[in-house]
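Asker: For the sequence shown, the positions run 32 to 178 when our numbering is used. The C-beta atom is built at its ideal place from N, Cα and C for all residues, glycine as well.
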Amino acid sequence: MSGVGKTTILSMLQDENTICIDLDETDYIEVDIETKERLISIDKLLSYINSISDKNLILAVCEANQGQIYSLMSAVIVLTASLEVMKERINKRQNNNYGKDKEEWEQIVRNKKEIESLLIRRADYVIQTDGEIHEVFNKVKMIIDEV
Numbered sequence: 032m033s034g035v036g037k038t039t040i041l042s043m044l045q046d047e048n049t050i051c052i053d054l055d056e057t058d059y060i061e062v063d064i065e066t067k068e069r070l071i072s073i074d075k076l077l078s079y080i081n082s083i084s085d086k087n088l089i090l091a092v093c094e095a096n097q098g099q100i101y102s103l104m105s106a107v108i109v110l111t112a113s114l115e116v117m118k119e120r121i122n123k124r125q126n127n128n129y130g131k132d133k134e135e136w137e138q139i140v141r142n143k144k145e146i147e148s149l150l151i152r153r154a155d156y157v158i159q160t161d162g163e164i165h166e167v168f169n170k171v172k173m174i175i176d177e178v
């Protein structure tokens, strides 16, 4: 979900030398020619995972086929925020314009209503991110240290 704080949390984890990949920002996402759906390139991702020695890897992803990689994960954490907070964050961010135009925002609202509950059902942990980002980071870090 856009605007829930995942990029900020990943950046904070990277500052602590954790290997993180925001799949939105990489070539691990491909668009299906027929359906126009964004999908994780499972083969590319597996190839990368198998090539690194440190298997403590944090992935940020929200794509239709993400369930196919859940078995590789020690834990699935879903970050969630209210629409108001998501909108505020999207409007403030300067590194990514996604969600700032009307159609994209409407898609984000639809995704939150239609997809978020599916993500939450598959999650091991759900963290509400409306509060202070450092509190969210501490919760995520505690889960990582636990698993």
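#1: Compute the beta-carbon to beta-carbon distance between I158 and L110, rounded to the nearest angstrom, for a pair I have assumed lies under 8 Å.
#2: In terms of DSSP beta bridges, what is L110 paired with?
#3: Can you tell me where the alpha helix (DSSP H) with V140 in it begins and where it stops?
#4: Look at V35 and A154 and say whether their C-beta atoms are less than 8 Å apart.
#5: Please classify R69: does DSSP put it in a helix, a strand, or coil?
#6: Within 10 Å of its beta-carbon, does I139 have 16 or more other beta-carbons around it, so buried, or fewer, so exposed?
#7: Which value, in whole angstroms, describes the spacing of the CA atoms of M43 and V167?
#8: Let me check one thing: in DSSP terms, what residues is L88 bridge-paired to?
#9: Beta-carbon separation of L54 and E61 under 8 Å?
#10: Can you tell me where the beta strand (DSSP E) holding E61 begins and where it ends?
Answerer: This is what the structure holds:
#1: Here the question's residue 158 lines up with position 127 in the sequence shown. Here the question's residue 110 lines up with position 79 in the sequence shown. About 5 Å separates the two Cβ atoms, so the contact holds.
#2: Start at 1 with the first residue of the sequence shown, and residue 110 comes out as number 79. For L110, which the question treats as bridged, DSSP gives the partners I158.
#3: Looking up residue 140 in the sequence shown gives position 109. Segment K133 to E145, the alpha helix (DSSP H) holding V140.
#4: Along the sequence shown, one-based indexing puts residue 35 at 4. Along the sequence shown, one-based indexing puts residue 154 at 123. The answer is no: Cβ separation not under 8 Å.
#5: In the sequence shown, the residue the question calls residue 69 occupies position 38. The answer is strand: DSSP assigns R69 an E or B state.
#6: Along the sequence shown, read from residue 1 onward, the residue named residue 139 stands at position 108. Buried: at least 16 other Cβ atoms inside 10 Å.
#7: Here residue 43 corresponds to residue number 12 of the sequence shown, with the count starting at 1. Here residue 167 corresponds to residue number 136 of the sequence shown, with the count starting at 1. Their backbone Cα atoms lie some 11 Å apart in a straight line.
#8: Position 57 of the sequence shown, counted from the start, is the residue given in the question as residue 88. Note: L88 sits in a beta bridge opposite I50.
#9: Stepping through the sequence shown from its first residue, residue 54 is reached at position 23. Stepping through the sequence shown from its first residue, residue 61 is reached at position 30. Result no, Cβ atoms of L54 and E61 do not sit closer than 8 Å.
#10: Here the question's residue 61 lines up with position 30 in the sequence shown. Here the beta strand (DSSP E) through E61 covers I60 to V62.
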